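A short write-up of the structure that comes next.
Residue numbers (the numbering used here): 31 to 211.
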């Protein structure tokens with residue numbers, strides 16, 4: 031990629047990464063530009079999803095809770111701790127999300143039949159209806175955004191994302207080891 035055409039997600043001037051790579055020999059310029067492209071795409075994706083879900087009066091995080099409850103509906107619901115792990119948020123955050131969803135009538139907290147101190151979160155009929163309203167257009171938007179790639183390119187992208195994700199796992203492990211020192 032031409033140094034003047036690199037996409038840095040809008041927060042670095044063109045050419046600056048080249049200067050940094052000369053100053054810091056451990057920096058792989060191509061890897062850095064690619065990494066910043068990924069960050070830029072993720073930022074745009076999250077912004078688009080947040081905006082879309084706001085049109086329906088729900089947060090992206092709230093949608094993730096509802097869709098996971100729908101997925102696990104046959105098993106009888108999920109605990110707040112399970113939802114926290116699945117959605118990648120803290121238990122305190124999931125509590126706030128659940129409060130909002132419950133106030134809207136989309137979920138219900140029920141006693142856990144296997145743990146009298148625990149709760150199980152279940153999707154209500156109104157919550158299913160909310161998903162029935164959101165999902166058709168949501169899936170259409172995803173199909174439209176992916177239509178710039180052929181089926182084979184989508185397969186390749188998926189493989190590359192999975193490979194990149196494994197690299198992030200090792201990065202996270204190395205970061206955890208570094209913070210223990």
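We put the CB at the ideal spot given by N, CA and C, even for glycine. Keep in mind the model is a prediction, meaning the values are calculated, not measured.
Inter-residue CB distance, residue i and residue j (contact presumed, cutoff 8 Å)
| i | j | result |
| --- | --- | --- |
| residue 128 | residue 137 | 6 Å |
| residue 179 | residue 187 | 6 Å |
8 Å Cβ shell around residue i - same chain, five flanking residues per side excluded
| i | result |
| --- | --- |
| residue 83 | 89, 90, 92, 93, 164 |
| residue 148 | 109, 141, 142 |
| residue 166 | none |
Euclidean distance between Cα positions of residue i and residue j
| i | j | result |
| --- | --- | --- |
| residue 145 | residue 109 | 11 Å |
| residue 47 | residue 168 | 36 Å |
| residue 173 | residue 181 | 11 Å |
| residue 158 | residue 100 | 7 Å |
| residue 85 | residue 161 | 13 Å |
| residue 113 | residue 124 | 7 Å |
| residue 156 | residue 57 | 52 Å |
| residue 153 | residue 120 | 20 Å |
| residue 53 | residue 61 | 16 Å |
| residue 133 | residue 45 | 51 Å |
| residue 67 | residue 195 | 15 Å |
| residue 170 | residue 69 | 24 Å |
| residue 176 | residue 118 | 25 Å |
| residue 55 | residue 98 | 44 Å |
| residue 111 | residue 105 | 16 Å |
| residue 135 | residue 204 | 43 Å |
| residue 33 | residue 139 | Reliability of the predicted coordinates at residue 33 is poor, the pLDDT of 43 falling under 50, and the value obtained from them is presented with this limitation in mind. Approximately 54 Å, taken between the alpha carbons. |
| residue 80 | residue 183 | 26 Å |
Counted within 10 angstroms of its Cβ, other Cβ atoms place residue i as buried (16 or more) or exposed
| i | result |
| --- | --- |
| residue 193 | exposed |
| residue 150 | buried |
| residue 71 | exposed |
| residue 107 | buried |
| residue 77 | exposed |
| residue 131 | buried |
| residue 198 | exposed |
| residue 201 | exposed |
| residue 96 | buried |
7 Å Cβ shell around residue i - same chain, five flanking residues per side excluded
| i | result |
| --- | --- |
| residue 59 | 47, 48, 51 |
Close-in-space but distant-in-sequence residues of the same chain around residue i (CB under 6 Å, 5 per side omitted)
| i | result |
| --- | --- |
| residue 102 | 108 |
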